[in-house]
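Student:
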Amino acid sequence: MRKKRLRVGVIFGGRSSEHDVSLASARSVMSVLDPERYDVVPVGITRDGRWLVSGDPMKQLKTGQVEGGKSPLFLASPGRVAETGLVPEPTSPVSDVFGSIDVMFPVLHGPNGEDGTIQGLLELASIPYIGAGVLASAVGMDKVLMKAVFQQHNLPVPNHLVFRASDIDRNDHVECVVEESIGFPCFVKPANMGSSVGISKAHNRAELWPALREAMRFDRKVLVEEFVDGGEYECSVLGNDDPVASVVGEIIPCNEFYDYRAKYIDAGTKLVIPADLPNEISENIRELSVKAFLAIDCSGMARVDFLVRRATGDVLISEINTIPGFTSISMYPKLWEASGLSYTDLIDRLIELALERHAEKERCWRESQSQTSSDGGVL
Ligand SMILES: Nc1ncnc2c1ncn2[C@@H]1O[C@H](COP(=O)(O)OP(=O)(O)O)[C@@H](O)[C@H]1O
Ligand SMILES: [Mg+2]
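In numbering that gives the first Met the number 0, the protein residues as written are 0 to 378.
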């Protein structure tokens, strides 16, 4: 007998400056989902947050000719609503689509997608989904909290300072503090962003203020980080409680640093896979990748990025990305390909991991229900 095909929802677009990157990633993912085994349900999110599930959401987002769209609050499935308390629109075709999905793949980058918000919605709707849960997504998105968690686990990160917009507006000593404890050049970044949006390299005091202002356009929390003079390396992680690390890749940006243009616009950035590194350093990077993944309690997948000081060979964790770029030429799947796992097999594995993680959560939920009902309603 033929096995029932899994209905896989792929969510893309979204209210993020990485909207277009998400479309590119989602197109690649959808193109490799085997139609014999999976029914793909495309779910587009407009730049203003409306969810599109009928027609061809990818085409609508690409052309900007959007028909209708719904608030996600109306997307909970009627079947699941009793458990979740979300109120669907009873006759909406949207809730029918959403309710029938077996597993969701949020292919969204940046705030409102990679940061735990969509993951929270999927938790409430009791839909299995690929990748990190609410907590790991939120911590992985916020560079300040991410670094604090890494430091708590004795994982090496670059020296940095954190400012809030209100500190910057009030405090005219910010430049002195940066000069004394970080020095120049330094990197200035919004805490919650991706794709290098809002990031500048301040070469001197005169460039610091404009860099802070630029970062503050995107977040009320800003990091100032020491410039690490060296190479940039990335490692892919896959798994739930026993994650494994891929081979290591190197990024050689075509610009002064790996800025938005070097990532997506200007040709010339090189990916070297596997990276040309002494074995000891690559092994260190692979070990640190798994530790970083576990430190934030991640699930499914993540790409961990590193800076390696040229002068000393010290390896520092730059960041963890819980929804890495997913086009067929992106580093995350490329590193797995070089480690012996094809793009198609990678997606199959991510689906399995999502279903495993969901089954585990459901089991815990059932246990907690039977425990509270056997307590006989003490409260
Ligand atoms: N401390 C640093 N030293 C050297 N280069 C850095 C540093 N921080 C960031 N960069 C450069 O800026 C890029 C983007 O920074 P990153 O923290 O990875 O932000 P994003 O989340 O936007 O990718 C990095 O890939 C690297 O090229
Ligand atoms: Mg980065």
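Ideal placement from N, C-alpha and C gives every residue a C-beta, glycine not left out.
From a predicted model like this one, the values you see are computed outputs, not experimental measurements.
Please tell me whether Gly13 and Ile126 are closer than 9 Å, where the distance is taken between their beta carbons.
Tutor: no
Student: Go ahead and label Gly139 buried or exposed: buried means 16 or more other beta carbons lie within 10 angstroms of its beta carbon, across all protein chains shown.
Tutor: buried
Student: Ser24 to Glu206, Cα distance in whole Å?
Tutor: So the two alpha carbons sit approximately 34 Å from each other.
Student: Give the straight-line distance between the Cα atoms of Pro157 and Ala353, rounded to the nearest whole angstrom.
Tutor: 32 Å
Student: Just list the residues that DSSP pairs Lys269 with in beta bridges.
Tutor: Ile251
Student: From Gln150, Ser329, Arg204, pick the residue whose C-alpha is nearest to that of His172; which is it?
Tutor: Arg204
Student: Any idea what DSSP makes of Cys297, helix, strand or coil?
Tutor: coil
Student: If you draw a straight line from the alpha carbon of Tyr37 to that of Gly312, how long is it in whole angstroms?
Tutor: 45 Å
Student: Would Leu123 and Met103 qualify as a contact pair, given that the criterion is a beta-carbon distance under 9 Å?
Tutor: no
Student: Quick one: is Pro277 buried, meaning 16 or more other Cβ sit within 10 Å of its Cβ, or exposed?
Tutor: Exposed is the call here.
Student: Considering Cα atoms alone, identify which of Asn283, Met330, Ala274 is closest to Met300.
Tutor: Met330
Student: Taking the C-alpha atoms as reference points, what is the distance between Val80 and Val7?
Tutor: In this prediction, Val80 has a pLDDT of 44, which is less than 50 and means its spatial position is unreliable; what the coordinates show is noted afterwards. Roughly 20 Å between the two C-alpha positions.
Student: Examine the Cβ distances between the segment 282 to 290 and the segment 324 to 340 and report whether three or more of them are shorter than 8 Å.
Tutor: no
Student: Does the Cβ of Arg216 have 16 or more other Cβ atoms within 10 Å, making it buried, or fewer, making it exposed?
Tutor: Flag for Arg216 reads exposed.
Student: Between the Cα of Leu306 and those of Glu174, Gly248, Ser327, spot the shortest distance and give me the residue it belongs to.
Tutor: Gly248
Student: Rounded to a whole number of angstroms, what is the C-alpha to C-alpha distance between Val227 and Ala310?
Tutor: Their Cα atoms are separated by approximately 10 Å.
Student: At a cut of 8 Å, does the segment 218 to 233 reach the segment 177 to 189 through at least three beta carbon pairs?
Tutor: yes
Student: Confirm the yes/no value for this check: CB of Gly54, any heavy atom of ligand 2, distance under 8 Å.
Tutor: no
Student: So what's Glu361 in DSSP terms, helix, strand or just coil?
Tutor: helix
Student: According to DSSP, is Tyr257 helix, strand or coil?
Tutor: coil
Student: I'd like the list of long-range same chain contacts for Ile316, defined as Cβ closer than 7 Å, with 5 residues on each side in sequence excluded.
Tutor: Closer than 7 Å at Cβ, skipping near neighbours: Phe149, Leu154, Pro155, Val156, Leu287, Ala291, Val303, Phe305.
Student: For Met192, which of helix, strand or coil comes out of DSSP?
Tutor: coil
Student: Name the residue from Val246, Ala244, Ser245, Asp265 whose alpha carbon lies nearest to the alpha carbon of Asn254.
Tutor: Asp265
Student: For my contact list, Ile280 and Val31 are in at a C-beta cut-off of 8 Å; report their separation, rounded to the angstrom.
Tutor: No, Ile280 and Val31 are not in contact; Cβ-Cβ is about 32 Å, not under 8 Å.
Student: Going straight from the alpha carbon of Asn239 to that of Ser298, what length do you get?
Tutor: As the crow flies, the alpha-carbon of Asn239 is around 5 Å from that of Ser298.
Student: Excluding the 5 residues preceding and the 5 following Asp166 in the sequence, name in chain order all residues of the same chain whose CB lies nearer than 6 Å to its CB.
Tutor: none
Student: Locate the beta strand (DSSP E) running through Asp38, then write down its first and last residues.
Tutor: From DSSP, the beta strand (DSSP E) with Asp38 extends over 37 to 44.
Student: One question on the structure: do Gly112 and Ile295 come within less than 9 Å of each other, judged by their Cβ atoms?
Tutor: no
Student: Looking at the secondary structure, which residues open and close the beta strand (DSSP E) in which Ile319 lies?
Tutor: 314 to 320
Student: Return the chain-ordered list of same chain residues with a C-beta closer than 6 Å to the C-beta of Phe162, the five sequence neighbours on each side being excluded.
Tutor: Val221
Student: Please tell me whether Leu144 and Ser21 are closer than 9 Å, where the distance is taken between their beta carbons.
Tutor: no
Student: Apart from the five residues just before and just after Ser327, which ones in its own chain have a Cβ nearer than 7 Å to its Cβ?
Tutor: Ser27, Tyr342
Student: Which runs of the beta strand (DSSP E) at least 3 residues long sit entirely within the segment 163 to 236? Give them in chain order.
Tutor: 185 to 189, 199 to 201, 220 to 225
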